[in-house]
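Engineer: The UniProt record's numbering puts the sequence shown at residues 1 to 253.
By construction, the Cβ of each residue, glycine as well, lies at the ideal position given by its N, Cα and C atoms.
Please read these numbers as outputs of a predicted model, since none were measured by experiment.
Take a look at the following structure, please.
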Amino acid sequence: MTNTQLTHIQIDNYGPWTVTPEPRREVDLQTLQSRLYADLAQFFGNRGGYTFFTRFDNMIAVSNGLTMDDHDMLQESVANRYPVTMSLSVATGQTPANALETATEQLQDAGSAQDKSRREILRGRHIDDEFRTDEDLRIAHFDVNDATGKYTDQLSEFDTFIRIEQGYASLMKYMRQAYDSLSFFVGGDNIIAVCPEMDAEDYQDAIDHVRDDVGVELKVGVGEGRRADEAGMAAKHALEECRATGVDVELDC
């Protein structure tokens, strides 16, 4: 049984800040967002976690292994180095979607994302070490079959981008609705999904859906572990097995 710990990261009062005392240059906002994401990716990554940028003013981290004290330290570090602060909500669940719903509700209960008085909220609880197992996380690593040959070397960059994003959007929506999984685009033609317990037929079902829906063909390697980096590396090795053998789905769990 999976036991996913997720952290919902939200920049405090970000919308109003971007236009106060007057609208800020977009290039400066993009730079702040990218630097903050990089710092968060490094912080969680150094502790075995994964961070996904989603909308940048809101981000999601797979934080199995991190304590509430770790999250408090992250808030302090960001507040010392950036002109914005952020609120964090930590929750666990047997499915990733359930964990994130709980984390989001905890932030919403603390006040609006654009409430000036709601600053550096830290809510939730982490999974105690005594309840952690080597099967807590399932990570699925999808990529597009022959993306270079079909798209990158054949189409304009923007048309290639459209095709990859169509595949991502179809997979993201279907995995959420059918399997309570959360899928994130991570660059190139790669998508990482945080999943509950699923079998090979479930992953094949998702791949078939994307092919039938938007005509994009995928393969996937799946791994499990105590932390996101462990499960993710197992998934990468399983994906390499897909490439070597030509199968659509390979489970290393």
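To which residues does DSSP link N64 through a beta bridge?
Structural biologist: According to DSSP, which records beta bridges pairwise, N64 is partnered with nothing at all.
Engineer: Which residues does DSSP pair with E224 in a beta bridge?
Structural biologist: DSSP, once it has assigned bridges, lists R138 as partnering E224.
Engineer: Tell me whether E250 sits in a helix, a strand or coil according to DSSP, three-state version.
Structural biologist: Strand, per DSSP.
Engineer: Considering just the uninterrupted stretch of the alpha helix (DSSP H) at V90, what are its terminal residues?
Structural biologist: First-last for V90: 86 to 93, but that is the beta strand (DSSP E), not the alpha helix (DSSP H).
Engineer: List the residues that DSSP assigns as beta-bridge partners of R123.
Structural biologist: Bridge partners of R123: S89.
Engineer: Can you check which of these residues, P23, F53, E201, is closest to L182 by C-alpha distance?
Structural biologist: Per the Cα distances, F53.
Engineer: Helix, strand or coil for S183? Go by DSSP, reduced to three states.
Structural biologist: Three-state result, S183: strand.
Engineer: Just checking my contact of G221 with D252 at CB under 8 Å: how many whole Å lie between their CB atoms?
Structural biologist: Between D252 and G221 the Cβ distance is about 7 Å, and since that is below 8 Å, they are a contact.
Engineer: So, does the segment 41 to 52 touch the segment 19 to 29, judging by three or more C-beta pairs under 8 Å?
Structural biologist: Because the criterion of three Cβ pairs below 8 Å is not met, the segment 41 to 52 and the segment 19 to 29 do not touch.
Engineer: For R211, which residues of its own chain have a beta-carbon under 8 Å away from its beta-carbon, when the five flanking residues on both sides are left out?
Structural biologist: Hits under 8 Å: E217, L218.
Engineer: In its own chain, which residues sit with a C-beta less than 6 Å from the C-beta of R243, not counting the 5 before and 5 after it?
Structural biologist: Once the five neighbours on either side are set aside, R243 has no close Cβ partner at all.
Engineer: DSSP three-state call for N13: helix, strand or coil?
Structural biologist: In this structure, N13 counts as coil in the three-state DSSP scheme.
Engineer: Please state the DSSP three-state secondary structure of Y203.
Structural biologist: Reduced to three states, the DSSP call for Y203 is helix.
Engineer: Quick one, which of T245, V249, A228 has its alpha-carbon nearest residue 258's?
Structural biologist: Residue numbering for the chain in the displayed model covers 1 to 253; residue 258 lies beyond these limits and cannot be assessed.
Engineer: Could you give the DSSP three-state label for A113: helix, strand or coil?
Structural biologist: Coil, per DSSP.
Engineer: For M59, which beta-bridge partners are listed by DSSP?
Structural biologist: DSSP lists I9 as partners of M59.
Engineer: Looking only at its own chain, which residues have a Cβ that is under 6 Å from the Cβ of A147, when we skip the five neighbours before and after it?
Structural biologist: These residues qualify, in order along the chain: D189.
Engineer: What does a CB cutoff of less than 6 Å around Y50 pick up in its chain, not counting 5 residues either side in sequence?
Structural biologist: Within the same chain, Y50 has close Cβ partners V62, A228.
Engineer: Taking 8 Å as the threshold (C-beta atoms), are D180 and P96 in contact?
Structural biologist: Taking 8 Å as the Cβ cut-off, P96 and D180 qualify as a contacting pair.
Engineer: Do you know whose CA, among R119, E250, G48, lies nearest D199's CA?
Structural biologist: Nearest C-alpha to D199: E250.
Engineer: Excluding the 5 residues preceding and the 5 following G111 in the sequence, name in chain order all residues of the same chain whose CB lies nearer than 8 Å to its CB.
Structural biologist: Once the five neighbours on either side are set aside, the close Cβ partners of G111 are S117, R118, I121.
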